[in-house]
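Worksheet: one structure, shown below.
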Amino acid sequence: MRHFSCFRSYNSLTNSLIGGVCSLQWNTAGTTVAGDANAASAATPDRLFAPVDLTLDPSNTLYISDSSNNRVQKWTMGAVTGTTVAGQPIGTVGASPDQLRLPAGVVVDETGTVIVADSSNDRVMSWPSASATGTVTAGIGKTA
């Protein structure tokens, strides 16, 4: 958890706010917000295996590149399991349009399309919201 606060001064002569001092404080204990804190690896909805990258959309939904499970998982705030939004839910590896191989970077655009750097397939894939397959956006990719 984090705590953020800003303090400003008020100048009564000019009737305005003056500058500010901001502070950011992190909880050093940490909180598991996605995955299994016991480091168990399995391609189940509640676990991650070697997550590499993550991004947060405007509604505070977390998208995690679950690299060794060959998928991207979506975690809504307070969820105990994730939803596969790119790749196969059970972690099947491959190069077909519905598979990933060691996904690395992940971003989500304003339409909800998930864009994934599919590192071991040498391509960038775009997965429209609620789509079962992706489209090669960049790179030649490998054959299935």
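Going by our numbering, the final residue of the sequence shown carries number 133, and the count climbs one at a time with no gaps.
Ideal Cβ positions, reconstructed from N, Cα and C, are used throughout, including at glycine.
Beta-carbon proximity of residue i to residue j, cut-off 8 Å
i, j, result
"residue 75", "residue 105", "yes"
"residue 103", "residue 41", "no"
"residue 128", "residue 112", "yes"
"residue 110", "residue 80", "no"
"residue 84", "residue 56", "no"
Outcome for residue i when other beta-carbon atoms lying within 10 angstroms are tallied against a minimum of 16
i, result
"residue 131", "exposed"
"residue 89", "buried"
"residue 70", "exposed"
"residue 49", "exposed"
"residue 65", "exposed"
"residue 121", "exposed"
"residue -5", "Residue confidence for residue -5 is low, a pLDDT of 47 falling below 50, so the modelled location carries little weight and cannot support an answer."
"residue -8", "For residue -8, the predicted structure reports a pLDDT of 44, less than 50, and the residue's modelled location is therefore unreliable. The matter cannot be settled from this model."
Cut-off 7 Å between Cβ atoms - residues of its own chain near residue i, not counting five sequence neighbours on either side
i, result
"residue 47", "none"
"residue 101", "118"
"residue 125", "112 and 114"
"residue 63", "50, 52, 71, 72 and 74"
"residue 99", "none"
Own chain partners of residue i with C-beta closer than 6 Å, once the 5 adjacent residues on each side are dropped
i, result
"residue 107", "89, 92 and 114"
"residue 34", "70 and 71"
"residue 82", "59 and 90"
Residue i CB to nearest heavy atom of the ligand ZN below 7 Å
i, result
"residue 110", "This structure lacks the ligand ZN, and indeed carries no ligand of any kind."
Contact belief for residue i with residue j at Cβ below 8 Å, rounded distance in angstroms
i, j, result
"residue 123", "residue 78", "The pair is not a contact, with the Cβ atoms about 14 Å apart (cut-off 8 Å)."
Residues near residue i by beta carbon distance below 8 Å, same chain, minus five either side
i, result
"residue 45", "51 and 52"
(message) Ignoring anything shorter than 3 residues, give me the beta strand (DSSP E) runs that lie fully in the region 25 to 101, in order along the chain.
(response) 40 to 45, 51 to 55, 60 to 64, 72 to 76 and 92 to 97
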